[in-house]
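Oh and the sequence shown: position 84 is 557 in my numbering, straight run, nothing missing. Glycine residues also receive a C-beta, built at the ideal position from the N, C-alpha and C atoms.
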Amino acid sequence: MRNLYKLFILWLLLFASPSIFAQKTVTAEGTWQIANITPEKARVLAMERAKAKALEEAGIETFVSSTTSTISGLVENFINFSNSEIVGEITDIKVLEEGPELIDGMIFYKVRIRAKVKTNNVKYDPEFDAQVRGFATAYNEGDLLEFSVTPTKDCYVQIFWFDDAGNGGVLYPSKEEDAQPIKAKTEKKFPQSVEYELYKETNEEVEGNSFVFVFTKKERPYNKATKDGATTLDDLYQWIIKIPSDQRVTKQEAIFIGKKGK
Numbered sequence: 474m475r476n477l478y479k480l481f482i483l484w485l486l487l488f489a490s491p492s493i494f495a496q497k498t499v500t501a502e503g504t505w506q507i508a509n510i511t512p513e514k515a516r517v518l519a520m521e522r523a524k525a526k527a528l529e530e531a532g533i534e535t536f537v538s539s540t541t542s543t544i545s546g547l548v549e550n551f552i553n554f555s556n557s558e559i560v561g562e563i564t565d566i567k568v569l570e571e572g573p574e575l576i577d578g579m580i581f582y583k584v585r586i587r588a589k590v591k592t593n594n595v596k597y598d599p600e601f602d603a604q605v606r607g608f609a610t611a612y613n614e615g616d617l618l619e620f621s622v623t624p625t626k627d628c629y630v631q632i633f634w635f636d637d638a639g640n641g642g643v644l645y646p647s648k649e650e651d652a653q654p655i656k657a658k659t660e661k662k663f664p665q666s667v668e669y670e671l672y673k674e675t676n677e678e679v680e681g682n683s684f685v686f687v688f689t690k691k692e693r694p695y696n697k698a699t700k701d702g703a704t705t706l707d708d709l710y711q712w713i714i715k716i717p718s719d720q721r722v723t724k725q726e727a728i729f730i731g732k733k734g735k
C-alpha cells in the first residue's frame with residue numbers, strides 16, 4: 474500500500490490568553506532522507522521533525538513517531554494530536570535554513586527553524602465530538618464519494634482534501650455549497666447539492682487521499698484558500714492553531730483511489 478507522505482501530523486493546540494501562558498523562542502532542526510520520495514515530500518517530513526524538536530526544546534513532551542508513514546499510523550497520530558490534552562503550542566515559525574544536504578553519503582532534506590512556543594494549562598470540551606461515517610478504504614476513478622457527519626453539539630464543519638501529489642483544497646463549503654450549521658446529534662449527509670467525483674492527480678496505479686474535518690462551535694470561515702479553493706497543509710496548520718481546543722474537534726479519513734475498472 475502506498476504511503477501517505479503528504480500528511481502533516483497537525484499540532485492542534487490551544488490558543489490561550491496572553492496573561493496565563495509562558496512563551497519561549499527556540500531553534501530546532503529536522504531532517505528526512507530523500508529516498509524513494511521527492512524532495513517536496515522529504516521537506517514536509519523534515520519540517521514535522523523540526524516542530525517536534527522545537528516543542529521538546531521548550532520543555533513540552535511530545536508523542537509523535539518520527540518513523541510513522543503508513544496511512545493507519547498517520548491517521549492514528551492525527552486523531553491523537555487533534556483530541557489530546559497537550560500543554561503547549563507553536564504560535565509562529567520562521568524558516569532559517571532549508572535544503573538538501575549530504576550526510577554520511579546519503580542525501581537528506583534539512584530544515585532549521587526558529588519557533589515561538591507557549592505553554593499553558595490546556596482546556597478542552599470532552600463533550601464536544603463528532604462522528605464521520607460512509608467512507609470506504611478503496612475507490613476507483615469516477616466513483617462518487619458520499620458520507621455523513623454527526624456532531625454531539627451544535628456546530629459548523631469545514632472539510633479539506635489532500636492527495637499524494639501535494640495538492641489540496643477546500644471541499645466544503647464551496648461556491649456550490651454554502652456553510653450551514655449542524656444541529657447536535659443530527660446526521661448531515663454530503664454532498665448537499667453537487668457530486669463529489671473522485672479522480673487521481675498522479676499517474677500512479679493507486680493514489681492516497683486524505684480528508685480533514687474541522688468542526689467548530691462557531692462559524693470560522695477559512696481565509697487561506699485561493700480563489701479556486703486550493704490550499705496547503707502549512708496554511709491549514711496556521712489556521713487551526715488559532716482556534717482554542719475547546720472550540721474545535723478534528724477528524725480525518727484516508728482513502729485509496731485506483732484506476733477506473735481496476
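Is G681 buried or exposed, if buried means 16 or more other CB atoms sit within 10 Å of its CB? By the C-beta density criterion, G681 is buried, having at least 16 other C-beta atoms within 10 angstroms.
Give a yes or no on contact between the region 720-735 and the region 669-677, applying the rule of three or more CB pairs nearer than 8 Å. Contact between the region 720-735 and the region 669-677 is present, because at least three Cβ pairs lie under 8 Å.
Nearest candidate by alpha-carbon position, reference G572, set C628, A531, E513: Nearest in C-alpha terms to G572, of all of C628, A531, E513, is E513.
Looking at D616 and K589, is the spacing between their C-beta atoms short of 8 Å? In terms of Cβ geometry, K589 and D616 do not form a close pair [threshold 8 Å].
Going by beta-carbon coordinates alone, are E502 and K526 separated by less than 8 Å? Going by C-beta atoms, E502 is nearer than 8 Å to K526.
G716 versus F688: straight-line alpha-carbon distance, rounded: Note that residue 716 corresponds to Ile in the displayed sequence, not to Gly. Cα-Cα distance, rounded: 11 Å.
What do you reckon, are the CB atoms on K626 and E649 nearer than 8 Å? Cβ atoms of K626 and E649: not closer than 8 Å.
With distances taken between CB atoms, is the gap from K583 to T623 smaller than 8 Å? Going by C-beta atoms, K583 is not nearer than 8 Å to T623.
Using beta-carbon positions only, say whether V605 and K690 come within less than 8 Å of one another. The answer is no: Cβ separation not under 8 Å.
Could you say which of Y612, Y695, F633 lies nearest to V679 if we only look at CA atoms? Checking every option, the nearest Cα to that of V679 belongs to Y612.
Span of the beta strand (DSSP E) around Q725: Its beta strand (DSSP E) spans residues 721-731.
Pop quiz: F620 and F663 are said to be a contact at Cβ under 8 Å. What is the actual Cβ separation, rounded to whole angstroms? Contact holds; Cβ gap of about 6 Å.
Through-space distance from D636 to E692, alpha-carbon basis: One C-alpha to the other measures close to 26 Å.
Please report the straight-line C-alpha distance between V722 and I655, rounded to a whole angstrom. Those two C-alpha atoms are separated by around 14 Å.
Spatial neighbours of F581 within its chain, please: C-beta separation below 6 Å, excluding the five flanking residues on both sides. The answer, listed in chain order, is T504, Q506, E574.
Out of E677, S683, Q631, V643, point me to the one whose CA is closest to K661's CA. Cα-wise, what sits closest to K661 is Q631.
Just how far apart, CA to CA, sit L528 and S666? Rounded to the nearest angstrom, the two C-alpha atoms are 43 Å apart.
Could you pull the start and end residues of the beta strand (DSSP E) that P624 belongs to? Counted as a single uninterrupted DSSP element, the beta strand (DSSP E) harbouring P624 occupies residues 620-624.
Where does the unbroken alpha helix (DSSP H) through E530 begin, and where does it stop? 512-530 is the extent of the alpha helix (DSSP H) around E530.
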